[in-house]
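The structure under discussion appears below in the form of structure tokens.
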Amino acid sequence: MVNMETLVSLCKRRGIIFQSSEIYGGINGFWDFGPIGVEIKRRIKDSWWKRIVQEREDVVGVDTSIIAHPRTWVASGHVSSFSDPMVDCKECKRRFRADDMPPPKKDSKEGACPECGGELTQAREFNLMFQTHVGATADSASLAYLRPETCQSIFTQFRNVQTVSRKKVPFGIAQIGKAFRNEITPRNFIFRSREFEQMEMEFFCHKDEASKWHEYWVSERYDWFKSVGVKGDKLRIRPHESNELAHYALACSDVEYEMPFGWSEMEGIANRTDYDLKKHMEVSGKDMMYFDDARKEKYLPYVIETSVGVDRTALAVLCDAYREEEVKGEKRVVMGFDPSIAPVQVSVLPLSNKLKEQARKVEKDLKGNFFSEYDEAGSIGKRYRRHDEIGTPFCVTYDFDSENDHAVTVRDRDTMEQERIPLDNLIKYLTDKFQK
Ligand code: ATP
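Residue numbers (the working numbering): 1020 to 1455.
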């Protein structure tokens, strides 16, 4: 299993993920995706959207604002109770999540600071929402929050979306977008950060069918992780114990991945009942009820929510793809991405500077069919090494013979085997490989 430090350094070296504001010493809990990382993230989001929205008749998408009316968060319960218990060190002033602390020793009431051994304060509740002010005044009337989850606007827009899309229950509304949580202790690279992206889908159904849909979505979501190349032996479904459930949830199962720091939540699939719609109806005074023609019944639908982090999925994909091999006494690092997730699917390399123009042309011809790249920097060995480390499934080398035989050498990332392929047949050859 890859060690986190190794992965973090590979991510920086290859332009996958950088520390945010690195030149100012970084800012804890924030990360920037580089030219390679942004492609991985984009593939993950595209794959999710395709499967959840594009390929289905019963789910539509939205893209709602990050800042919503603050009463949204009163209704959802976030203003009163979206908090973690925290403790402060009286000496070094560091802050920790109380539930991460080892239990205090027998003879003392409070624990000791894990950093400096200093005395800790009593646990206090700390609200995780970031606050801001809307408009020119900074008083309580202008107070607003950066959304801590993307789903609440799906609930508040439920009637609008249902009316215009003419969907009948059961149907879902999906969204991909940023969420913000002022986590007390961001950690484990991009696993727990303060700004991240979620892909959420709220599936509205009749309460008699909620358990059935819950089961359906748990297995559908598990299958999606496998479709982006995450291996089954590191993936599991963990149903929540009844004492773990959020107060509004009837049932919840997490999809977990075995990270280098242990089994960790990637996604939660929850039966949220009619809690959210009911709350928004109460606080806004607006009718949220749905009239079901087939059942001749007016009701508040139940909701099955699927909620997954893009960044956590990216981390699982990165950990899963990493492998080290020994080739002729040297270490080779390979990111074995599934071709559907690979940031670069094919790279075209001229063997010599004299062949640049021809190689460029080959790459141009591939562009419409694949995520391709033209790469002329450094020796061929160095270029292969870079492409192994960013997980490029195929490298195409244009050499001096290509001038005469109108063929190129295609190198397979995993087997390192090289095959001579006529240029006329290159697109078909690669397409067949990706379809396997
Ligand atoms: P955790 O218990 O790890 O804090 P959570 O149960 O609070 O997570 P949810 O509120 O269910 O998380 O959020 C849904 C998904 O959003 C999570 O499964 C995760 O993929 C992602 N997510 C939540 N918090 C963060 C974070 N701080 N950084 C990155 N992704 C996050």
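Virtual Cβ for every residue (Gly too), placed ideally from N, Cα, C. Every value quoted in this text rests on a predicted model; they were computed, and no experiment measured them.
Going by C-alpha positions, Cys1170 is about 49 Å away from Glu1438.
Counting along the chain, no alpha helix (DSSP H) covers Gln1073, and no H or E run does either. Nearest Cα to Lys1383 within the set Tyr1276, Val1367 and Phe1210: Val1367. If you keep only unbroken beta strand (DSSP E) runs of at least 3 residues inside the stretch 1125 to 1185, you get 1143 to 1146, 1150 to 1152 and 1162 to 1164.
In this structure, the ligand ATP has no non-hydrogen atom nearer than 8 Å to the beta-carbon of Ile1036. Using a cutoff of 8 Å, the CB of Asp1082 does not count as near the ligand ATP, since none of the ligand's heavy atoms is closer than that. Under the criterion of beta carbons closer than 8 Å, Met1308 and Lys1317 qualify as touching, at roughly 5 Å. Boundaries of the beta strand (DSSP E) around Ile1036: Ile1036 to Gln1038. No heavy atom of the ligand ATP is found nearer than 8 Å to the CB of Val1336. Met1105 is bridged by DSSP to Arg1116 and Arg1143. In terms of Cα proximity to Val1302, the closest of Trp1067, Pro1054, Glu1234 and Gly1096 is Gly1096.
Annotation: His1259 to Ser1326 spans about 15 Å, alpha carbon to alpha carbon. For Arg1342, there is no enclosing alpha helix (DSSP H); the residue is part of the beta strand (DSSP E) that begins and ends at Tyr1341 to Val1346. If you look at Asn1290, you'll find it in the beta strand (DSSP E) that goes Gly1281 to Asn1290.
DSSP, reduced to helix, strand and coil, places Ala1193 within a strand of the structure shown. When distances are taken from the beta-carbon of Ala1198 to the heavy atoms of the ligand ATP, the shortest one is below 8 Å.
The alpha-carbon of Tyr1341 is positioned some 33 Å away from that of Arg1114.
Shown here for Arg1255: same chain residues with a beta carbon closer than 6 Å to its own, the five before and five after excluded, namely Glu1275 in chain order.
Its Cα nearest to that of Pro1320, the residue Lys1187 stands out among Phe1280, Arg1062, Lys1031 and Lys1187. Annotated three-state conformation of Glu1395 is coil, per DSSP. Runs of the beta strand (DSSP E) lying entirely within the stretch 1024 to 1100 and spanning at least 3 residues, in chain order: 1036 to 1038, 1050 to 1052 and 1078 to 1080. Across the set Ser1421, Ala1426 and Pro1369, the C-alpha of Pro1369 shows the shortest separation from the C-alpha of Ser1398. For Val1093, the closest C-alpha among the options Glu1134, Glu1144 and Ala1163 is that of Ala1163.
Secondary structure at Cys1111: coil, using DSSP grouped into helix, strand and coil.
Taking every protein chain shown into account, the CB of Val1346 has fewer than 16 other CB atoms within 10 angstroms, so this residue is exposed.
Annotation: Ile1446 is outside any beta strand (DSSP E); the continuous alpha helix (DSSP H) that includes it extends over Leu1445 to Gln1454. It is roughly 26 Å from the alpha-carbon of Gly1387 to the alpha-carbon of Val1336. In the DSSP assignment, Val1352 falls within the unbroken beta strand (DSSP E) covering Glu1349 to Met1354.
With respect to the C-alpha of Gln1176, the residue from Glu1324, Met1354, His1299 and Gly1287 having the closest C-alpha is His1299. Per DSSP, Gln1364 has no beta bridge partner at all. Short of 8 Å from the beta carbon of Thr1292, and not among the five residues preceding or following it, lie these beta carbons of its own chain, in chain order: Lys1226, Ala1229, Tyr1267, Ala1268, Leu1269, Tyr1321 and Val1322. Nearest Cα to Ser1099 within the set Ile1059, Asp1082 and Met1148: Met1148.
Annotated as distal: Pro1362 and Ile1288, with beta-carbon spacing of 9 Å or more. Runs of alpha helix (DSSP H) with 4 or more residues, each lying fully within the stretch 1383 to 1435, are found at 1399 to 1408 and 1421 to 1424, listed in chain order. Of the heavy atoms belonging to the ligand ATP, none sits nearer than 8 Å to the Cβ of Ser1391. Residue side-chain check: Glu1260 keeps its Cβ at 8 Å or more from all non-hydrogen atoms of the ligand ATP.
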